[in-house]
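Down below is the structure, laid out as structure tokens.
Number of protein chains: 2
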Amino acid sequence: MATVLIVYAHQSTGSFNAAVRDVAIKELSEQGYRVVVSDLYAMNFKANATKDDIIGDLKNPDLFQYGEETMHAWNEGRLSDDIVAEQRKVKEAELVIFQFPLYWFSVPAIMKGWMDRVLTQGFAFSLKNMYDNGVFKNKKAILSFTTGATESMFRPNGINGDINVALWPLQNGTLHFCGFQVLAPQIFWSPAHCRSVDRIVMLEQWCARLQGLMAEKALTFARCEWFGLSFEQGFLLRPEVKEEQESNAYGITTGHHLGKLLPPDNQTKVQAT
Amino acid sequence: MATVLIVYAHQSTGSFNAAVRDVAIKELSEQGYRVVVSDLYAMNFKANATKDDIIGDLKNPDLFQYGEETMHAWNEGRLSDDIVAEQRKVKEAELVIFQFPLYWFSVPAIMKGWMDRVLTQGFAFSLKNMYDNGVFKNKKAILSFTTGATESMFRPNGINGDINVALWPLQNGTLHFCGFQVLAPQIFWSPAHCRSVDRIVMLEQWCARLQGLMAEKALTFARCEWFGLSFEQGFLLRPEVKEEQESNAYGITTGHHLGKLLPPDNQTKVQAT
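Those protein sequences? They're chains V and S, same order as listed. Okay, so the first sequence: first residue is 1 according to our numbering, each after it adds one. Okay, so the second sequence: first residue is 1001 according to our numbering, each after it adds one.
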């Protein structure tokens, strides 16, 4: 059965984040999806990456390297039960929704812990399988979050700077790194400072978007094959691709700007074709 | 006594991160500083932002809003002991060094938890006191971190995109938001894949930098007074400042790019004057 996973991080059942989550559960269930929720605070999800994440002996107890050890443990079926349970949910899902309030331009620590611990090397990526060749290239992911700031504060000329820049580590560096097709983020601007009627409109718009979500095109990222994928080549853009890009006034993505103008709204809007 | 706080997040005493930390402790102690270390894994530091961070009754138990409740609790001296202890260390420090391995283009969850929980509204920022008017404007902060990736992978034409973009949420969105003067990051590129002799050179370079660290100029960020600091004005760049910037081919910072070219290395190198 087609499954959606909602990784959810809010402490309160009465929160707007909870209401957003519930709209998704209802709408996607009505579409016939099985919706699974990881309610991180309710689960008291462990955020810290420690030795306890590995069952049995460490390969190198004198120099514990979390990434190395968990890669081996994944290979040998020795990751802790809570990680294995989350990995199973990811495996079954064709869409993962991350639902959270923005904390310090990023996800709350409990959700960062989910990313640090669940997206194990081997399970979620390898040097051969990353970005558009990534392990999860047939899955979609979306950040759905609330902000304290207003929309104008996160413009390129707003006090906090461009939201597209802020989203890069999460959307490119984490989700797309693992291969996910990243859908445009669903941003609920400053719901705490809105009138309740405006919050209801926000929920209605989210519900409307969910009706077509699975058919949406994903955001644009650089393609792996454009880079020289070896340490000798430095994982740098190939000269022939650089040349092809020469006539473009804009860079490829927010992060792959090539010293040119940032493609506008690269991390928040689907590129027109 | 002049104090430096090192917020440290690595699980292993034998790690390169530990060696980097120890170089800082030794060198700064020799300079006469009192060096305080928060060894987050050793402390089993709680990363998750929960009700337990507040002593006594909640203002709104039906709708728990972490930011609001901790702001009140800070005001009334009702934050949990572990948070209060960290806040005291920050208050006493003139420099905070964040020492960590890069996890998913960002800090490990345990360190994100430190940021989420310790940098409480009121203690670390307010709508009136942020960025260069921030609470910690007389303090310095620096990110010192190791990567798995090589340096070329994090160039604007490298597979991971520009490191300056990746650092924006941490350096502007967190540290400078609270007022910290942010020193250029100390990046140890891929030490696990270096020869041991190269790692020794890295440590020597870090030691040499520490000798002049306190005299370094900070990175360049946009100034608060350049923005219309009210909801009516949208916290947007003032028209007269936009005009002043018109002749500049580059934006102000990585995030405040104003639709122009990114100022090169804005988040990694001190701007030439």
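Ideal Cβ placement from N, Cα and C applies to all residues, glycine included.
- [ ] Step through the CB atoms of chain S and report whether any lies within less than 8 angstroms of the CB of P108(V).
- [x] By 1-based counting over the first sequence, the position of residue 108(V) is 108. P108(V) counts as touching chain S.
Open item on the list: Please identify, using Cβ separations under 8 angstroms, the residues of the stretch 46-68 of chain V that lie next to chain S, in order along the chain.
Closed with: A47, N48, A49, T50, K51, D62, L63, F64, Q65, Y66 and G67
TODO: Pick out whichever of E244(V), S106(V) and G173(V) has its Cα sitting closest to the Cα of W1104(S).
DONE: Counting from one through the second sequence, the residue named residue 1104(S) turns up at place 104. Out of E244(V), S106(V) and G173(V), G173(V) has the C-alpha closest to the C-alpha of W1104(S).
TODO: Could you tell me the boundaries of the beta strand (DSSP E) in which E94(V) lies?
DONE: Residue 94(V) sits at position 94 when you count from the first residue of the first sequence. Residues A93 to P101.
Task: Whole-number beta carbon distance between F235(V) and I187(V), since they are thought to touch under 8 angstroms - done: Here residue 187(V) refers to the residue found at position 187 of the first sequence. Here residue 235(V) refers to the residue found at position 235 of the first sequence. At roughly 31 angstroms, the Cβ-Cβ gap does not stay under 8 angstroms, so I187(V) and F235(V) are not in contact.
Task: Proximity to K1139(S) [Cα-Cα], best of K1091(S), T1254(S), N1060(S) and D1082(S) - done: By one-based count along the second sequence, residue 1139(S) stands at place 139. Among K1091(S), T1254(S), N1060(S) and D1082(S), the Cα nearest to that of K1139(S) is on K1091(S).
Task: Limits of the unbroken alpha helix (DSSP H) element including Q1205(S) - done: As a first step, residue 1205(S) is located in the second sequence; it is residue number 205 there, counting from the start. Where Q1205(S) is concerned, the enclosing alpha helix (DSSP H) stretches over S1196 to G1212.
Open item on the list: When you compare the CB positions of L1253(S) and F1221(S), do they come within less than 8 angstroms of one another, or not?
Closed with: As a first step, residue 1253(S) must be located in the second sequence, where it is residue number 253. As a first step, residue 1221(S) must be located in the second sequence, where it is residue number 221. In the sequence on display, residue 1253(S) carries Thr and not Leu. Yes, Cβ-Cβ distance for T1253(S) and F1221(S) is below 8 angstroms.
Task: Contact under 8 angstroms by Cβ, V23(V) with M111(V) - done: By 1-based counting over the first sequence, the position of residue 23(V) is 23. By 1-based counting over the first sequence, the position of residue 111(V) is 111. Taking 8 angstroms as the Cβ cut-off, V23(V) and M111(V) do not qualify as a contacting pair.
- [ ] Could you name the residues that DSSP lists as bridge partners for S1144(S)?
- [x] The residue labelled residue 1144(S) in the question sits at position 144 within the second sequence. BP columns for S1144(S) point to Q1099(S) and Q1186(S).
Task: Proximal residues of chain V, C-beta to C-beta of F945(S) below 8 angstroms - done: Residue 945(S) cannot be examined here, being either before or after the span of chain S that is shown, 1001 to 1273.
Task: Alpha-carbon spacing of H193(V) relative to L1213(S), whole angstroms - done: One-based indexing of the first sequence puts residue 193(V) at position 193. One-based indexing of the second sequence puts residue 1213(S) at position 213. C-alpha separation (whole angstroms): 42 angstroms.
Task: Of the residues L1127(S), I1097(S) and N1048(S), the one placed nearest M153(V), counting alpha carbons only - done: Stepping through the first sequence from its first residue, residue 153(V) is reached at position 153. Looking at the Cα atoms, L1127(S) is the closest of the given residues.
TODO: Compute the Euclidean distance between the alpha carbons of Q11(V) and N1157(S), then round it to the nearest angstrom.
DONE: Residue numbering aside, residue 11(V) sits at position 11 when the first sequence is read from its first letter. Residue numbering aside, residue 1157(S) sits at position 157 when the second sequence is read from its first letter. For Q11(V) and N1157(S), the distance between alpha carbons rounds to 40 angstroms.
Open item on the list: With a threshold of 8 angstroms between beta carbons, is V1165(S) in contact with chain V?
Closed with: The sequence position of residue 1165(S) within the second sequence is 165, counting from 1. True, the Cβ-Cβ gap to chain V drops below 8 angstroms.
Open item on the list: Please state the DSSP three-state secondary structure of V1107(S).
Closed with: On the second sequence, residue 1107(S) is found 107 positions in, with the first residue counted as 1. In the structure shown, V1107(S) falls within a coil segment according to DSSP collapsed to helix, strand and coil.
Task: 6 angstroms CB neighbourhood of R209(V) in its chain, flanking five on each side removed - done: The residue labelled residue 209(V) in the question sits at position 209 within the first sequence. Within the same chain, R209(V) has no close Cβ partners at all.
Open item on the list: For a contact defined as C-beta to C-beta under 8 angstroms, what are the partners of Q1011(S) on chain V?
Closed with: In the second sequence, residue 1011(S) corresponds to position 11, counting from 1. Neighbours of Q1011(S) in chain V, taken as residues whose beta carbon is under 8 angstroms from its own, are A49, T50, K51, F64 and Y66 in chain order.
- [ ] With a threshold of 16 other CB atoms inside 10 Å of the CB of V4(V), please say whether the residue is buried or exposed.
- [x] For the purposes of this step, residue 4(V) is identified with residue 4 of the first sequence, where counting begins at 1. With 16 or more other Cβ atoms inside 10 Å of its own Cβ, V4(V) counts as buried.
Task: Whole-angstrom C-beta distance between A1149(S) and V1182(S), which should lie under 8 angstroms - done: Here residue 1182(S) refers to the residue found at position 182 when the second sequence is read from its first residue. Here residue 1149(S) refers to the residue found at position 149 when the second sequence is read from its first residue. So it is not a contact: roughly 22 angstroms between Cβ atoms.
Task: Neighbourhood of M1001(S) by C-beta, 6 angstroms cutoff - its chain only, sequence neighbours within 5 removed - done: As a first step, residue 1001(S) must be located in the second sequence, where it is residue number 1. Around M1001(S): R1034.
Open item on the list: Let me check understanding here. Comparing Cα to Cα, which of L102(V), Q211(V) and R199(V) lies closest to Q31(V)?
Closed with: The residue you call residue 31(V) lines up with position 31 of the first sequence. Comparing Cα-Cα distances from Q31(V) to each of L102(V), Q211(V) and R199(V), the minimum goes to Q211(V).
TODO: Check the Cβ-Cβ distances between R199(V) and every residue of chain S, and say whether any is below 8 angstroms.
DONE: Counted from its first residue, the first sequence places residue 199(V) at position 199. Not one chain S Cβ lies under 8 angstroms of R199(V).
Task: With 16 other Cβ atoms within 10 Å as the buried cut-off, status of E244(V) - done: Along the first sequence, read from residue 1 onward, the residue named residue 244(V) stands at position 244. Answer is exposed; the Cβ neighbour count stays below 16.
Open item on the list: For L79(V), which residues in the same chain have their Cβ closer than 6 angstroms to its Cβ, ignoring the five residues on either side in sequence?
Closed with: By one-based count along the first sequence, residue 79(V) stands at place 79. Taken in chain order, the residues that qualify are A73.
TODO: Could you check which residue in W189(V), L262(V), E76(V) and F123(V) has the C-alpha nearest to that of K89(V)?
DONE: Numbered from its first residue, the first sequence carries residue 89(V) at position 89. Nearest of W189(V), L262(V), E76(V) and F123(V) to K89(V), Cα basis: F123(V).
Task: Residues that S38(V) contacts on chain S, provided the C-beta gap is smaller than 9 angstroms - done: Looking up residue 38(V) in the first sequence gives position 38. Those within 9 angstroms of S38(V) in chain S number zero; the least Cβ separation is about 14 angstroms.
Open item on the list: Beta-carbon within less than 6 angstroms of D39(V)'s beta-carbon, same chain only, minus the 5 sequence neighbours each way: which residues are those?
Closed with: By 1-based counting over the first sequence, the position of residue 39(V) is 39. Same-chain partners within the cutoff: Y8.
Open item on the list: Below 9 angstroms on C-beta distance, what does W104(V) contact in chain S?
Closed with: Mapped onto the first sequence, residue 104(V) falls at position 104. Near W104(V) (Cβ distances below 9 angstroms), the residues of chain S are K1112, M1115, D1116, L1119, P1169, L1170, G1173, T1174 and F1177.
Task: Which of helix, strand or coil DSSP assigns to Y33(V) - done: For the purposes of this step, residue 33(V) is taken as the residue at position 33 of the first sequence. When DSSP states are grouped into helix, strand and coil, Y33(V) belongs to the coil group.
Task: Cβ-Cβ separation, V270(V) to A184(V) (assumed contact under 8 angstroms), whole Å - done: By 1-based counting over the first sequence, the position of residue 184(V) is 184. By 1-based counting over the first sequence, the position of residue 270(V) is 270. A Cβ-Cβ distance of about 6 angstroms is found for the pair A184(V) and V270(V), placing them in contact under the 8 angstroms criterion.
Task: Beta-carbon gap between F1064(S) and F1125(S) smaller than 8 angstroms - done: Here residue 1064(S) refers to the residue found at position 64 of the second sequence. Here residue 1125(S) refers to the residue found at position 125 of the second sequence. Taking 8 angstroms as the Cβ cut-off, F1064(S) and F1125(S) do not qualify as a contacting pair.
- [ ] For S80(V), decide whether its Cβ has a neighbour in chain S, counting only Cβ atoms nearer than 8 angstroms.
- [x] Within the first sequence, residue 80(V) is the residue found at index 80, counting from 1. No, S80(V) lies away from the interface with chain S (no Cβ there is under 8 angstroms from its Cβ).
Task: Cα-Cα separation between G259(V) and W168(V), rounded to whole angstroms - done: For the purposes of this step, residue 259(V) is identified with residue 259 of the first sequence, where counting begins at 1. For the purposes of this step, residue 168(V) is identified with residue 168 of the first sequence, where counting begins at 1. When rounded, the distance between both Cα atoms is 16 angstroms.
Task: D1039(S), DSSP secondary structure in three states - done: As a position in the second sequence, residue 1039(S) is number 39, starting the count at 1. Correct three-state label for D1039(S): strand.
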